[in-house]
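Residue numbers (my numbering), protein chains in the order written: chain D, 204 to 535; chain S, 103 to 380.
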Amino acid sequence: MINQIYIENEIKDHPRVQSILKKFKRKNPIFIDKYASVFNKKNQNFRIQKKYPSLILSQKKTSYVLKTPADFGIGNSHNFYFSHMYNCLYDCEYCFLQGMYSSADYVLFVNFEDFEEEIKEKISFLKNDKVTFFSGYDCDSLAFEKVSGFVKYFLPIFKKFPNADIELRTKSTQVDPLFSMEPISNCVVAFSLMPTEIAKKVDHKAPSIEKRINTISELASMGWKIGLRFDPLIHGENWKILYSNLFENVFKKIDKKVIHSITLGPLRFPKNMFKKIISMNPKSKLLSDTLVLRGNKISYSNGIEQEMQSFCTGLLKDYSPETLFFSCKGNF
Amino acid sequence: MSNGCICWVIALPSEAKTLIEEFKMFPIQGDTLFPVYKNKNEDEWLVITGVGQLNAASGASYLYSLCPQARTSFWINFGIAGAGKKVGNIGDIFFINELRNYDHDKVHYPFILPQLKIKNAMLKTYDKPQNNYQNSFLFDMESWGFYNIVQRKITRELITIIKIISDNSIETISSISKDFVKKLVKEKVEYLVSLRDIGNSLSRIEMERKKEPYIFFDLTKNIHFTFSQREQLKKFLIRWDVHFPKRPLFPEIKDLKDAKSILGYLESSLDSHVLKWE
Chain D
204 MINQIYIENE
214 IKDHPRVQSI
224 LKKFKRKNPI
234 FIDKYASVFN
244 KKNQNFRIQK
254 KYPSLILSQK
264 KTSYVLKTPA
274 DFGIGNSHNF
284 YFSHMYNCLY
294 DCEYCFLQGM
304 YSSADYVLFV
314 NFEDFEEEIK
324 EKISFLKNDK
334 VTFFSGYDCD
344 SLAFEKVSGF
354 VKYFLPIFKK
364 FPNADIELRT
374 KSTQVDPLFS
384 MEPISNCVVA
394 FSLMPTEIAK
404 KVDHKAPSIE
414 KRINTISELA
424 SMGWKIGLRF
434 DPLIHGENWK
444 ILYSNLFENV
454 FKKIDKKVIH
464 SITLGPLRFP
474 KNMFKKIISM
484 NPKSKLLSDT
494 LVLRGNKISY
504 SNGIEQEMQS
514 FCTGLLKDYS
524 PETLFFSCKG
534 NF
Chain S
103 MSNGCICWVI
113 ALPSEAKTLI
123 EEFKMFPIQG
133 DTLFPVYKNK
143 NEDEWLVITG
153 VGQLNAASGA
163 SYLYSLCPQA
173 RTSFWINFGI
183 AGAGKKVGNI
193 GDIFFINELR
203 NYDHDKVHYP
213 FILPQLKIKN
223 AMLKTYDKPQ
233 NNYQNSFLFD
243 MESWGFYNIV
253 QRKITRELIT
263 IIKIISDNSI
273 ETISSISKDF
283 VKKLVKEKVE
293 YLVSLRDIGN
303 SLSRIEMERK
313 KEPYIFFDLT
323 KNIHFTFSQR
333 EQLKKFLIRW
343 DVHFPKRPLF
353 PEIKDLKDAK
363 SILGYLESSL
373 DSHVLKWE
């Protein structure tokens, strides 16, 4: 539910803004000069805002497309990300966004055309190479689709450039635009997954794992390429059994042939964000677990991390060739 | 769960009177810089600041220094305001969603309170009484001073401004009297009660988040902990509450006599605990 809508004055007549407003007829928007007058101010409380988030319609003015951190990719030599939105409808306890911003409001950048232009420039500059664009870095790619129309706009663009892959990373089961179009060979629909028992406790407001697997199965049967993102790997009692059951459930319902890539990522937080994240959510079981400082990140001990990574990789090898395994850790 | 706490910042006694009666507040005894009221449970506080931005800011700061729960309280600036054309009628109540100052271009957008059934409006704060009713916004003499100081001290979601129209182009500022103001407030008191309920629920969220573990005070009273040990203890105790909500700590550490052994016990117990997800 959207608490309030803010619109930057400069874009109040933008057709995408007008079309979004039609979906929220009962809200009287407040017009602002720039999104930063509302978003991410000092002394804001992410947790309270998360209960009552507002939507801020804005336009991005620079840095539409950025290089991903090192060690973040799914097989191509060049990797970029772009964020048409800041923040997410879901409320996952391990999400770095709660430490990145002090505000939980959704900022939606409506100038898709400017993103498109820069994406095309990058593709054209790297025309002899394979390149991946990640769209779900600062938000969920699909969760806000009914309002944003992001996928509907961008997938037809990527369709024209077979040397460029786009990854839609999501937990959403609202994938209507994908159901209503022909699969695009260079689009990877990547779902974040973890054992049901853990997701129930930490993936607040997100669809259940069972629903996600069913959606993957439907998309797969249509021919969409699927990415499986077991990221973060979460430790706890019986974790080996929980992850074994998860993998079994996933591969029971999904044809291995449609798997484009599998990534495993450890639980990790940038050191400077963790303090803020735990101060906002001190009652979190996950954040109260024994986590240690390793370099610039807060994570499980090296021993636990290695054991989880190697155990899960070992299991996944039974279901899928190792050539599909990638790292999307991203160095902080 | 803790109760919330409300801090009212109000310019005039006539604006405050109904609230003082309704919420059963009484004046704090002794010499105070501003008249300050509180209720028996000390979870409702009110300061009468006098007119103007400087008074509003000073009064709010003063109340902040007196109220033990100030950092997690819900702060309300309430009072009367003038209204430009077409904003509303005398007696209409408004929640301020955009706050400006006549003197510069800076702007604050107060957090929009959920489920508050009050109309929203923009308000501009002036240094002198206004009788120009041609603009399409509300105007007063305190709100900017109040908001600007309080937002430096506490989270913005716990600050709000509510105004009742006292004068407009039809009934101008010259017709305002003490009794008239009291009547305006009395007629809208039910809205202020519902605002207070919302404020209390938000304040409770913040109090829970910032609550010190129950045993912290007892431990640090009897045993010496250095500053960094106190910080470490606080973190361990919070984690203990999360992981072992039904396991009282005190019996387990009652024989430990110094900070180092208590911290050591907590650390090893917590580190050996494996989370149960099922």
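We treat Cβ as the ideally placed atom computed from N, Cα and C, and that holds for glycine.
In chain D, which residues lie less than 7 Å from arginine 382 of chain S when you measure between Cβ atoms?
Because residue 382 of chain S is not part of the residues shown, which for chain S are 103 to 380, the question remains open.
Would arginine 311 of chain S count as contacting chain D if we go by Cβ distances under 8 Å?
yes
Could you pull out every residue in the same chain whose Cβ sits closer than 7 Å to the Cβ of lysine 500 of chain D, ignoring the five residues on either side in sequence?
Counting only Cβ-Cβ distances below 7 Å, and skipping sequence neighbours, we find Arg471, Phe472, Pro473, Lys474 and Phe535.
Beta-carbon neighbours of serine 257 of chain D, restricted to chain S and to distances below 7 Å
Ile214
For tyrosine 503 of chain D, which of D:Ile480, D:Lys520, D:His438 and D:Leu449 has the nearest alpha-carbon?
When each option's Cα is compared against that of tyrosine 503 of chain D, the closest is D:His438.
Would you verify that the beta carbon of tryptophan 379 of chain S is, or is not, closer than 8 Å to some beta carbon of chain D?
yes
Can you tell me the Cα-Cα spacing of leucine 321 of chain S and glutamate 370 of chain D, whole angstroms?
52 Å
Three CB pairs or more closer than 8 Å across the region 179-195 of chain S and the region 260-272 of chain S
Counting Cβ pairs under 8 Å, three or more are found: they touch.
Counting only runs that start and end within the region 434-500 of chain D, where is the alpha helix (DSSP H) found for 4 or more residues in a row?
442-456 and 474-483
Chain-ordered chain D contacts of arginine 258 of chain S [CB-CB under 8 Å]:
Lys244, Asn246, Gln247 and Asn248
Can you tell which of D:Gln509, D:His407, D:Asn417 and D:Pro524 has the C-alpha that lies nearest to the C-alpha of histidine 463 of chain D?
Between histidine 463 of chain D and the set D:Gln509, D:His407, D:Asn417 and D:Pro524, the nearest pair of CA atoms involves D:Pro524.
Relative to the C-alpha of isoleucine 233 of chain D, which residue among D:Asp379, D:Lys244 and D:Ser261 is closest?
D:Ser261
Would you say threonine 376 of chain D and serine 344 of chain D are within 8 Å of each other, going by their C-beta atoms?
no
Straight-line Cα distance separating methionine 309 of chain S from aspartate 269 of chain S
38 Å
Does any residue of chain S have a CB that is nearer than 8 Å to the CB of valine 310 of chain D?
no
At the level of alpha carbons, what is the spacing between glycine 426 of chain D and leucine 292 of chain D?
Distance between the alpha carbons of glycine 426 of chain D and leucine 292 of chain D: 27 Å.
Which residue marks the beginning of the alpha helix (DSSP H) containing arginine 219 of chain D, and which one marks its end?
218-225
Taking the alpha-carbon of arginine 298 of chain S as reference, which of S:Leu218, S:Ile364, S:Gly190 and S:Lys284 has the nearest alpha-carbon?
S:Leu218
Answer with buried or exposed for valine 189 of chain S, where buried requires no fewer than 16 other C-beta atoms within 10 angstroms of its C-beta.
buried
Less than 8 Å between CB atoms is the rule here; does glutamine 334 of chain S satisfy it with respect to chain D?
no
Please list the terminal residues of the continuous alpha helix (DSSP H) segment that includes serine 271 of chain S.
Counting along the chain, serine 271 of chain S falls outside any alpha helix (DSSP H), and DSSP gives it neither H nor E.
With a threshold of 8 Å between beta carbons, is histidine 409 of chain S in contact with chain D?
Here chain S has residues from 103 to 380 only, and residue 409 of chain S is not among them.
Runs of 4 residues minimum, wholly inside the region 295-355 of chain S: which ones carry the alpha helix (DSSP H) assignment?
318-324, 329-345 and 352-355
Cα-Cα, which of D:Ser222, D:Ser306 and D:Gly339 is closest to threonine 271 of chain D?
D:Gly339
Would you call the region 103-112 of chain S in contact with the region 161-174 of chain S, where contact means no fewer than 3 C-beta pairs closer than 8 Å?
Verdict: yes, contact present.
Measure the alpha-carbon distance for glutamine 236 of chain S versus arginine 202 of chain S and round it to whole angstroms.
17 Å
Between the beta-carbon of threonine 335 of chain D and the beta-carbon of glycine 430 of chain D, is there less than 8 Å?
no
Could you tell me whether the Cβ of leucine 108 of chain S comes closer than 8 Å to any Cβ of chain D?
The sequence given here places isoleucine at residue 108 of chain S; leucine does not occur at that position. No, its Cβ sits nowhere closer than 8 Å to a Cβ of chain D.
Among D:Val391, D:Gln252 and D:Glu213, nearest to aspartate 308 of chain D - alpha-carbon criterion:
D:Gln252
For glutamate 314 of chain S, go through chain D and note every residue whose CB falls closer than 9 Å to its CB, in chain order.
Result: empty, since nearest Cβ-Cβ is about 11 Å, beyond 9 Å.
When the Cα of valine 405 of chain D is compared with those of D:Glu296, D:Thr399, D:Gln512 and D:His287, which residue comes out closest?
D:Glu296
Mapping the DSSP letters down to three states, classify phenylalanine 242 of chain D as helix, strand or coil.
coil
Tell me, please, which residues DSSP counts as bridged to isoleucine 395 of chain D.
For clarity, residue 395 of chain D is serine in the given sequence; the question names isoleucine instead. In DSSP, serine 395 of chain D forms a bridge with D:Arg432.
Kindly say whether isoleucine 233 of chain D, judged by its beta-carbon, lies nearer than 8 Å to any beta-carbon of chain S.
yes
In whole angstroms, give me the CA-to-CA distance for phenylalanine 213 of chain S and cysteine 515 of chain D.
45 Å
Tell me whether glycine 161 of chain S sits in a helix, a strand or coil according to DSSP, three-state version.
DSSP places glycine 161 of chain S in helix when its eight states are reduced to three.
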